[in-house]
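Chemist: Just so you know, the sequence shown maps onto residues 1 to 311 in the UniProt record's numbering. All C-beta atoms in this analysis are idealised placements derived from N, C-alpha and C, irrespective of residue type, glycine included. Got a structure for you, written out below as structure tokens; questions coming shortly.
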Amino acid sequence: MVRGENMNDLIIFKNFVKKFKAKKIGPVNCSIERSKITAILGPSGSGKSVILNSILGIIKRFSGDISIDNISRKKGNYYTINRKIGYYTQMDFSLYEISCYKFLFDICITMGISKKDSIQRIEHWLKYFELWESKDKKIKSFSWGMKNRVNLILCFIKDPDILILDEPGANLDSLWRNKIKTLLMECKKNKKTVIITVHNIDEIVDIVDDLIIIDNGECVFNGKKSSLNIYEKYKVYIKNTFDLETFKVFLKEKNIKIFKYDEFENSIIVAFDTYQQINFLFLYLVKNKLPLKNIVRLPINIESIQKALKN
1 MVRGENMNDL IIFKNFVKKF KAKKIGPVNC SIERSKITAI LGPSGSGKSV ILNSILGIIK
61 RFSGDISIDN ISRKKGNYYT INRKIGYYTQ MDFSLYEISC YKFLFDICIT MGISKKDSIQ
121 RIEHWLKYFE LWESKDKKIK SFSWGMKNRV NLILCFIKDP DILILDEPGA NLDSLWRNKI
181 KTLLMECKKN KKTVIITVHN IDEIVDIVDD LIIIDNGECV FNGKKSSLNI YEKYKVYIKN
241 TFDLETFKVF LKEKNIKIFK YDEFENSIIV AFDTYQQINF LFLYLVKNKL PLKNIVRLPI
301 NIESIQKALK N
């Protein structure tokens, strides 16, 4: 399923094909909406990196076209397009003998940011990512987590309209992953467009608006996350046996979705749309004297998304 173009599209792939010696990516026809958070998903080797690198202009030779804010990647001025884009990737910095502050200052000047703005922005982002106390240390001495935070600063520091993040949660703990999610939501509120790839979609599925799914070099889905029927599922383990049919009637009355019952485990997989539905379930169990043994949230992964596509 690939949606048609609309007036709010910022990036449009038209009959995009990139050929390599051993494989071909495309034809890809898809679009990315302005001021939304779009996740590009797919198995390893499916073509996600080719899509990102083509948006960035790293891959220059391809057939078809990519337009970014109505400017053709093939025909347009690279500076005009690239000044709108901030990019996160995992630079190592092992060969950098300079301090973190000096590195960021040099980058800002290279980007065309004034000296005054550079000083203000560097201080803001170093403090945001809790690196201010380490600003004078050599960047190559940083831990992987600290280096990743520097990479994130590089993405945000020029205040771009388009943010492209390739696996931003790598080498970061859950606290920092949640902080990045909050930051991306703030970017969306400020009308910025966020494009993100992740290995574990479960980490960001709650903030994503749209999905682009690439499989075997082709776009197999481009549209709203809500249209894929991806549910946040929970496996509910009940201590005592219960009347399944009566329980199903109750769940349907409360619009709680039912997926699978396991008689051996005495468990049932359900999905909630609201917190109120969770309360309804707990009240039912208490009222019917059915002790809750455990409740486990099931992860959303590429396999569950592929299953949703088939359905």
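Which same chain residues, not among the five before or five after Leu184, have their C-beta less than 7 Å away from its C-beta?
Modeler: Ile37, Val194 and Ile207.
Chemist: Roughly how many whole angstroms lie between the Cα atoms of Leu154 and Phe93?
Modeler: Whole-angstrom Cα-Cα distance: 13 Å.
Chemist: Would you identify the three-state DSSP class for Gly229, choosing helix, strand or coil?
Modeler: It should be pointed out that residue 229 corresponds to Asn in this sequence rather than to Gly. Three-state result, Asn229: coil.
Chemist: How would you label Ser44, buried or exposed, when you count the other beta carbons within 10 angstroms and need 16 or more for buried?
Modeler: Its Cβ having fewer than 16 others within 10 Å, Ser44 is exposed.
Chemist: May I ask which residues mark the beginning and end of the beta strand (DSSP E) holding Arg297?
Modeler: Segment Leu292 to Arg297, the beta strand (DSSP E) holding Arg297.
Chemist: Just to confirm, is the Cβ distance from Arg34 to Gly57 under 8 Å?
Modeler: Not in contact: Arg34 and Gly57 (Cβ atoms no closer than 8 Å).
Chemist: I'd like to know if the stretch 265-276 and the stretch 238-247 are in contact, where contact means that at least 3 CB-CB pairs between them fall below 8 Å.
Modeler: Taking 8 Å as the limit for Cβ pairs, the verdict is that the stretch 238-247 does touch the stretch 265-276.
Chemist: Which whole-angstrom value is the C-beta distance of Ile214 and Ile107, which I expect to be below 8 Å?
Modeler: With a Cβ gap of about 31 Å, Ile214 and Ile107 do not count as contacting.
Chemist: Tell me the residue span of the alpha helix (DSSP H) that contains Ala39.
Modeler: No alpha helix (DSSP H) contains Ala39, which is instead part of the beta strand (DSSP E) from Ile37 to Leu41.
Chemist: Under 8 Å, do Leu211 and Lys225 count as touching if we go by C-beta distance?
Modeler: Yes, Cβ-Cβ distance for Leu211 and Lys225 is below 8 Å.
Chemist: Pairs of beta-carbons, one from the stretch 22-33 and one from the stretch 72-91, closer than 8 Å: are there three or more?
Modeler: Because the criterion of three Cβ pairs below 8 Å is not met, the stretch 22-33 and the stretch 72-91 do not touch.
Chemist: Who are Phe280's beta bridge partners in DSSP?
Modeler: None; Phe280 has no bridge partner.
Chemist: Measure the CB-CB distance between Ser31 and Ile59 and report whether it falls below 8 Å.
Modeler: Contact: no.
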